[in-house]
Amino acid sequence: MKNSTKSIEHATPIDDISGLKLSSSKMYTMSDIYEEEANNILQATLKYLSAIPTKKEAPFAYSWLLLLHEEMFGQVWEWAGKLRHTELSIGVKAYLVPMELKKLSDDIVYWRANKTFDTIETATRIHHRAVQIHPFQNGNGRWSRMLANIYMRQNGLMPVKWQEDLLSKENKKRDAYIEALKKADGGDYGDLILMHGVTY
Ligand SMILES: Nc1ncnc2c1ncn2[C@@H]1O[C@H](COP(=O)(O)OP(=O)(O)OP(=O)(O)O)[C@@H](O)[C@H]1O
Ligand SMILES: [Mg+2]
Numbered sequence: 084m085k086n087s088t089k090s091i092e093h094a095t096p097i098d099d100i101s102g103l104k105l106s107s108s109k110m111y112t113m114s115d116i117y118e119e120e121a122n123n124i125l126q127a128t129l130k131y132l133s134a135i136p137t138k139k140e141a142p143f144a145y146s147w148l149l150l151l152h153e154e155m156f157g158q159v160w161e162w163a164g165k166l167r168h169t170e171l172s173i174g175v176k177a178y179l180v181p182m183e184l185k186k187l188s189d190d191i192v193y194w195r196a197n198k199t200f201d202t203i204e205t206a207t208r209i210h211h212r213a214v215q216i217h218p219f220q221n222g223n224g225r226w227s228r229m230l231a232n233i234y235m236r237q238n239g240l241m242p243v244k245w246q247e248d249l250l251s252k253e254n255k256k257r258d259a260y261i262e263a264l265k266k267a268d269g270g271d272y273g274d275l276i277l278m279h280g281v282t283y
């Protein structure tokens, strides 16, 4: 075992800590980092979900989509709010990310103006497209779920109570969630819409 001041029992050491803003003199475990992230995300949650966010506060414009990710992860990671330049196993090709994200923000404006879908379906589609694009190195799931929640809150619904241990592979709800996302990839949004109905 590595010489460390901190026990890493019960936690997996994280493999990619490049871009970690936390002190380098300490050895961090996955659960330490997850906790730091959760604290950071909590600040964004309070900002956007405790009261109804105005359209000025949460405009769903391209630059705000990036800003929200920065607000959720910027105290922990250098790559927060910055579009990825590398390919991942999920997501569009890196060079397509800016265009796809701009299309999404334009679509949100259009969907809202034309009442194309009801609020839950719009939130569901935002969530699905955002995570399908996968604009960032990490945190795409939490960011896309936050986007959907902000949209719902802004439009008179309460946010979805995602079990944020969705991260853990042991969480059975995660499998159902991933399955619902995959169905939505094929144009069937039904299951994912139902999941957005489970609010506070
Ligand atoms: N086949 C898949 N396996 C895992 N995640 C998937 C898959 N398809 C889509 N996703 C989405 O990608 C997200 C994971 O991406 P990423 O690791 O960037 O997000 P995160 O916020 O760090 O993690 P998490 O969403 O697990 O909290 C999942 O939450 C889900 O929304
Ligand atoms: Mg992740």
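If you count the sequence shown from 1, position 189 lands on 272 in my numbering, and the numbers rise without skipping. For each residue, glycine too, the CB sits at the ideal point set by N, CA and C.
Taken through DSSP and simplified to helix, strand or coil, Thr112 comes out as strand. Looking only at Asn254, Asn221 and Lys255, the smallest Cα-Cα distance to Gly157 is reached by Asn221. Beta-bridge annotation (DSSP): Trp160 is paired with Leu103. Listed in chain order, the non-local C-beta contacts of His210 below 8 Å within the same chain comprise Ser227, Arg228, Leu230, Ala231, Leu275 and His279, local neighbours out to five positions each way being set aside. In the structure shown, Gln220 adopts coil according to DSSP, grouped into three states. Here Asp201 carries a coil assignment [DSSP, helix/strand/coil].
For Arg257, the enclosing alpha helix (DSSP H) stretches over residues Lys255 to Asp268. With a 10 Å radius around the Cβ and a threshold of 16 neighbouring Cβ atoms, Ile261 comes out exposed.
Between the segment 135-144 and the segment 231-244, the count of Cβ pairs shorter than 8 Å is three or higher; the stretches touch.
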